[in-house]
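Engineer: All residue numbers for the sequence shown refer to this note's numbering, where the first residue is -2 and numbers rise by one.
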Amino acid sequence: SNTPKQILIYRALGFEVPKFAHLPIILGEDRSKLSKRHGAVSVRAFREEGYVSEAMFNGLALLGWHPKGDNEVLSKEDIISEFDIEDVHNAPAVFDRAKLKWLNGVYIREKLDLEDLTKRAIPFFEKFGYEADFEYYKKVMEIIRDSLETLNDIKDRAFPFFVEDYEIEENGKEFIQSETGKAVLKLFYEKVKDRENIDRNEFKKITKEIQKELKVKGKNLFMPIRVALTGKASGVDMALLIEALGKERVLKRLERIFEFIS
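#1: With C-beta atoms as the reference, is residue 88 less than 7 Å away from residue 60?
#2: Our contact map puts residue 204 next to residue 184 with C-beta atoms below 8 Å; I'd like the distance itself, whole angstroms only.
#3: Going by DSSP in three states, residue 16 sits in which element: helix, strand or coil?
#4: Would residue 158 and residue 221 qualify as a contact pair, given that the criterion is a beta-carbon distance under 7 Å?
#5: Out of 65, 92 and 187, state which residue places its alpha-carbon closest to the alpha-carbon of residue 27.
#6: I'd like the ranges of any beta strand (DSSP E) spanning at least 3 consecutive residues and lying wholly in the segment 86 to 133.
#7: Can you pull the DSSP bridge partners for residue 23?
#8: Which of the three DSSP states, helix, strand or coil, is assigned to residue 229?
#9: Please name the residue, chosen from 234, 3, 34 and 98, that lies closest to residue 137 on a Cα-to-Cα basis.
#10: CB-CB under 7 Å to residue 178, same chain, minus the five flanking residues each way: which ones, in chain order?
#11: Can you tell me the Cα-Cα spacing of residue 83 and residue 63, whole angstroms?
#12: Three-state secondary structure (DSSP) at residue 214?
#13: If you draw a straight line from the alpha carbon of residue 129 to that of residue 199, how long is it in whole angstroms?
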């Protein structure tokens, strides 16, 4: 132990000797000493993986210590207020990555201010080649934040807001190549083109009009639109995506799909 040496140095220098306390050693989930073979272990590595500092602070504080109540999502101020060295366990602490990811998701979805979260997210948007101004980034983050566990998840979740030359997934082709799908897309295109602009409310009005005119509903109505505009058969709320994209980008995507299915 280095503690006796440290005490001697304090005394030799004439300083007051502080109280020393040793926190439990941190183990990997296999209960061996935490090391690089368990994955990211440095702060920089976790930052690059999309973890926010508040979640890291919170997660590390829970290693070998637990608050008196059941709530484990605690701010730095809460932890400082509640922490008591007497409550620290002697047994080694196991680093639970799944729990840290859960905590990180809670901070991203619920705790961080949207403006602050967007600023932290911009390096990840840029890393994945998603270029836009701050307001557009902010709009996208407002829509996708509820589906994120780490900021690295932006790659997949933000994809439909930025990528224009997407491929159509195999399980989605049938929805845009069927006669019903083609009719839905043709009418949807005409109605979007006739609108001065398109937002979530206009999208809902348009789909109701199509439902009434073509006598289609459910996936026969919505899946052709989703696949045409994203290339995927599942994903983000279409009304919010269309509002973010705006009229011109929606029309251009539909025109590209018409070339594909013609």
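For glycine and all other residues, C-beta sits at the position ideal for the given N, C-alpha and C.
Structural biologist: For this structure:
#1: Taking the first residue of the sequence shown as position 1, residue 88 is located at position 91. Taking the first residue of the sequence shown as position 1, residue 60 is located at position 63. Taking 7 Å as the Cβ cut-off, residue 88 and residue 60 do not qualify as a contacting pair.
#2: As a first step, residue 204 must be located in the sequence shown, where it is residue number 207. As a first step, residue 184 must be located in the sequence shown, where it is residue number 187. With 8 Å as the limit, residue 204 and residue 184 do not qualify as a contact, their Cβ atoms being about 10 Å apart.
#3: Along the sequence shown, read from residue 1 onward, the residue named residue 16 stands at position 19. Three-state DSSP puts residue 16 in coil, outside helix and strand.
#4: As a first step, residue 158 must be located in the sequence shown, where it is residue number 161. As a first step, residue 221 must be located in the sequence shown, where it is residue number 224. Remark: C-beta atoms of residue 158 and residue 221 do not approach each other more closely than 7 Å.
#5: To locate residue 27, count along the sequence shown from 1; it is residue 30. Nearest C-alpha to residue 27: 92.
#6: none
#7: One-based indexing of the sequence shown puts residue 23 at position 26. In the DSSP assignment, residue 23 forms a beta bridge with 90.
#8: Here the question's residue 229 lines up with position 232 in the sequence shown. Coil, per DSSP.
#9: Position 140 of the sequence shown holds residue 137. Of the candidates 234, 3, 34 and 98, the one whose C-alpha sits nearest the C-alpha of residue 137 is 234.
#10: Mapped onto the sequence shown, residue 178 falls at position 181. Contacts found: 172 and 221.
#11: Numbered from 1 along the sequence shown, position 86 holds the residue referred to as residue 83. Numbered from 1 along the sequence shown, position 66 holds the residue referred to as residue 63. Cα to Cα, residue 83 sits roughly 11 Å from residue 63.
#12: Numbered from its first residue, the sequence shown carries residue 214 at position 217. In the structure shown, residue 214 sits in coil (DSSP, three-state: anything other than H, G, I, E or B).
#13: The residue given as residue 129 occupies position 132 in the sequence shown. The residue given as residue 199 occupies position 202 in the sequence shown. For residue 129 and residue 199, the distance between alpha carbons rounds to 24 Å.
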